[in-house]
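Asker: I'd like to ask you about the structure that follows.
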Amino acid sequence: MALGLAHAVSASASDSQTAKSGEAKAPQEIPYMQMSVGERHYKIRLADTEAARAFSSLIPLTLEMADLNSNEKYVDLAVSLPKDASVPGTIKAGDVMLYGSKTLVVFYKTFKTPYSYTLIGNIENPDGLMQMLGSDDIRVVFSITKSQLDI
Numbered sequence: 030m031a032l033g034l035a036h037a038v039s040a041s042a043s044d045s046q047t048a049k050s051g052e053a054k055a056p057q058e059i060p061y062m063q064m065s066v067g068e069r070h071y072k073i074r075l076a077d078t079e080a081a082r083a084f085s086s087l088i089p090l091t092l093e094m095a096d097l098n099s100n101e102k103y104v105d106l107a108v109s110l111p112k113d114a115s116v117p118g119t120i121k122a123g124d125v126m127l128y129g130s131k132t133l134v135v136f137y138k139t140f141k142t143p144y145s146y147t148l149i150g151n152i153e154n155p156d157g158l159m160q161m162l163g164s165d166d167i168r169v170v171f172s173i174t175k176s177q178l179d180i
C-alpha cells in the first residue's frame, strides 16, 4: 500500500478548549462521533477498541485526507494509536479503520482486501459517501457533538 503524506489542520481554539476541559467523552460513554465533509455530516458508531478510544481522545480534529486507489481517503496522524489489526476480508463503504498505527482510513467503496486493519468505527448511513468524498484531497472534521441524536 503506497502512502503519501497528509497533514492535520489544527482544530479551532474553542474546540481545543472543549477537548481540554474534558467535555469530549470516551467511546464507552458516547459510542458515536461525527464526521463532517463540507455541510454534510455522517454519524460514526465507534468500535469497542483501544484504537477507537485513543482516536476519540484526539477529538475535535480537522484533517486533510488524500485519496488512494479510488476507494479510500487516508491521513497519517501525528501520533500512533494502539493497534489490534486483523484481515477483515471485505472492507465496506463507511468503514473507518487504522492501517498500521498512524494511518487513519475512511473507505467509500466496498471491496475485498488482503490487508490488516484495526477497526475504529462504521459510518451508519454511508449513502452518497463516494460522491461526497470524490477523488480529490478533502478536509474532514471529526467531532463529538453535545447531542448525538442531532447527527
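The numbering of the sequence shown is the working numbering, which starts it at 30 and goes up by one. Using N, Cα and C, we set each Cβ at its ideal position, and we do this for glycine too. If you're wondering where the values come from, they're calculated on a predicted model, not measured in any experiment.
From the DSSP output, read off the bridge partner residues of T132.
Answerer: D105 and Y128
Asker: Helix or strand or just coil, what does DSSP make of E52?
Answerer: With a pLDDT of 47 at E52, under the threshold of 50, the predicted position of this residue should be treated as unreliable, though the coordinate-derived value follows. Correct three-state label for E52: coil.
Asker: Determine the direct distance from the alpha carbon of L106 to that of L97, and round the result to whole angstroms.
Answerer: Their backbone Cα atoms lie some 16 Å apart in a straight line.
Asker: If distances are taken between C-alpha atoms only, which option among P111, N154 and Y128 comes closest to D77?
Answerer: P111
Asker: Comparing C-alpha positions only, which one of A83, E79 and N100 sits nearest to L162?
Answerer: N100
Asker: Can you give the Cα-Cα distance for N151 and Y137, rounded to whole angstroms?
Answerer: Distance between the alpha carbons of N151 and Y137: 11 Å.
Asker: What residue ranges within the segment 62–115 form continuous beta strand (DSSP E) runs of no fewer than 3 residues, ordered along the chain?
Answerer: Taking 3 residues as the minimum length, the beta strand (DSSP E) runs contained wholly in the segment 62–115 are 69–75, 90–97 and 101–105, in order along the chain.
Asker: Give me whichever residues DSSP pairs with L162 in a beta bridge.
Answerer: Bridge partners of L162: none, in fact.
Asker: Between which residues of its own chain and I120 is the CB-CB distance below 6 Å, once the five residues before and five after are set aside?
Answerer: F136, F140 and T142
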